[in-house]
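Trainee:
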Amino acid sequence: MTTTEIINPENLVYIKPKVLNDNPMHYCPGCSHGVVHKLIAEVIEEMDYQEKTIGIAPVGCAVFAYKYLDIDWQQAAHGRAPALATATKRLLPDRLVFTYQGDGDLAAIGTAETLHACNRGENIAIIFINNGIYGMTGGQMAPTTLVGMKSSTSPNGRTVPLNGNPLDITKLLAQLDGTCYVTRQSVHNVANVRKAKKAIRKAFENSMLGKGTSIVEVVSTCNSGWKLSPADSNIWMVENMFPAYPLGDLKDL
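What the sequence shown shows, in my numbering, is residues 1 to 253, in sequence order.
1) Which residues does DSSP list as the beta-bridge partners of D249?
2) Does the region 69-84 come within contact of the region 108-115, defined as at least 3 CB pairs closer than 8 Å?
3) Where does D72 sit, in a helix, a strand or coil, going by DSSP?
4) Here's a check: name, in chain order, each residue in its chain whose Cβ is nearer than 7 Å to the Cβ of P29, leaving out the five neighbours to either side.
5) So, at 7 Å on beta carbons, what are the nonlocal neighbours of K251 in its own chain, with the 5 sequence-adjacent residues on each side left out?
6) In angstroms with no decimal places, state the Cα-to-Cα distance between T2 and K16.
7) Rounded to whole angstroms, what's the CA-CA distance from T170 to E10? Just pull it up for me.
8) Mind listing, in chain order, the continuous beta strand (DSSP E) runs of no fewer than 3 residues lying wholly within the region 114-195?
9) Rounded to whole angstroms, what is the Cα-Cα separation between L91 and D103?
10) Between M237 and S220, what straight-line distance do the alpha-carbon atoms span, to the nearest angstrom?
11) Is T213 closer than 8 Å to A117 when the C-beta atoms are compared?
12) Could you name the residues of the same chain whose beta carbon sits closer than 7 Å to that of P243, not counting the 5 residues immediately before and after it, in chain order?
13) With a threshold of 8 Å, are at least 3 pairs of Cβ atoms found where one atom belongs to the region 40-59 and the other to the region 200-219?
14) Which residues bound the beta strand (DSSP E) around L96?
15) With DSSP collapsed to three states, give me the class of V63.
16) Is the separation between the beta-carbon of P166 and that of T153 shorter than 8 Å?
17) Output needed for T4: all residues of its chain with C-beta closer than 7 Å, excluding positions within five of it in sequence on either side, in chain order.
18) For A87, count neighbouring Cβ atoms within 10 angstroms of its own Cβ and tell me buried if that reaches 16, exposed if not.
19) Anyone know if the C-beta pair for F128 and L96 falls short of 8 Å?
20) How would you call V187, buried or exposed, if buried means at least 16 neighbouring beta carbons within 10 angstroms?
21) Taking 8 Å as the cut-off, decide whether the C-beta atoms of S207 and A125 are in contact.
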């Protein structure tokens with residue numbers, strides 16, 4: 001195949017979104033973060049919002065999200081992304097503002113900021129990556145860790161008497177009057193990648209329409225923390241995470 005044939009629009013099947021830059025990603029092979037980054041980049045580009053988007057970077061595995069998506073970013077202290085997003089959106093209401101957070105960042109140290117931002121109905125979108133573990137800091141038990149699930153701080157598995165129940169914070173957020181769209185998706189196969197992209201697009205559109213807070217949870221794998229191969233991690237997620245965190249819309253106003 002010649003170079004001309006490669007770049008001929010008639011032969012083009014897929015092209016990397018321009019919002020996603022060329023920096024090599026640091027995520028572990030098989031990690032869901034890279035796929036979700038790509039979806040966010042595609043949605044921003046399709047909405048023609050690259051110059052109007054502000055992302056709030058987390059603390060955790062995705063702390064370097066600002067290295068990969070070519071938009072304006074702010075770095076929040078651990079768990080404080082919804083508070084920073086609140087201020088940003090109120091000061092710049094014409095901007096698309098979203099947070100990108102893991103389960104430790106959003107559901108543990110940032111529980112208060114998350115709940116109150118959602119209860120107020122701030123016009124932001126929250127992308128929530130739930131892999132049931134603290135991935136970056138050594139695989140410790142997180143609020144979303146399943147009963148019986150092993151981690152570096154629960155080597156025999158999580159037990160309710162000792163550790164309490166897993167926190168289904170997305171289900172909790174759906175009960176708040178300020179949330180307009182709460183959904184749980186995954187990116188482990190092509191069909192679900194497409195559904196996740198539609199959910200992110202809807203969340204971003206809701207933000208710009210001033211409808212309130214949208215949450216897109218992406219149930220994800222952490223093959224490094226789970227001590228499984230990428231393929232086995234997907235199987236484990238389907239068999240164990242999905243029953244506890246079933247996919248689908250929890251709220252859509």
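Glycine included, each C-beta is placed from N, C-alpha and C at the ideal position.
Mentor: With the structure as the only source:
1) Per the DSSP secondary-structure output, D249 pairs in a beta bridge with T183.
2) The region 69-84 vs the region 108-115: in contact.
3) Of the three classes helix, strand and coil, the one that applies to D72 here is strand, per DSSP.
4) Hits under 7 Å: P230.
5) Excluding five sequence positions before and after K251, the CB atoms of its chain that fall closer than 7 Å to its own CB belong to A174, T179, Y181, V182, given in chain order.
6) Any reading at T2 is ruled out, since the residue's pLDDT is 46, under 50, leaving its predicted position unreliable.
7) Between the alpha carbons of T170 and E10 lies a distance of about 43 Å.
8) Counting only unbroken stretches of 3 or more residues, the beta strand (DSSP E) elements lying wholly within the region 114-195 are 125-130, 179-186, in sequence order.
9) C-alpha separation (whole angstroms): 27 Å.
10) Using only the alpha carbons, I get a separation of about 7 Å.
11) A contact, by the Cβ cut-off of 8 Å.
12) Contacts found: none.
13) As far as the Cβ criterion goes, the region 40-59 touches the region 200-219, which means the pair count is three or higher.
14) Bounds of the beta strand (DSSP E) holding L96 are 96-102.
15) V63 falls in the helix class under three-state DSSP.
16) No, they are not a contact pair.
17) Confidence at T4 is low in this model, with a pLDDT of 48, below 50, so the placement of that residue is unreliable and no value is reported for it.
18) By the neighbour-count definition (other C-beta atoms within 10 Å, threshold 16), A87 is an exposed residue.
19) Going by beta carbons, F128 and L96 fall outside the 8 Å limit.
20) The residue in question, V187, is buried, as its Cβ has 16 or more Cβ neighbours within 10 Å.
21) For the pair S207 and A125, the CB atoms are nearer than the 8 Å cut-off.
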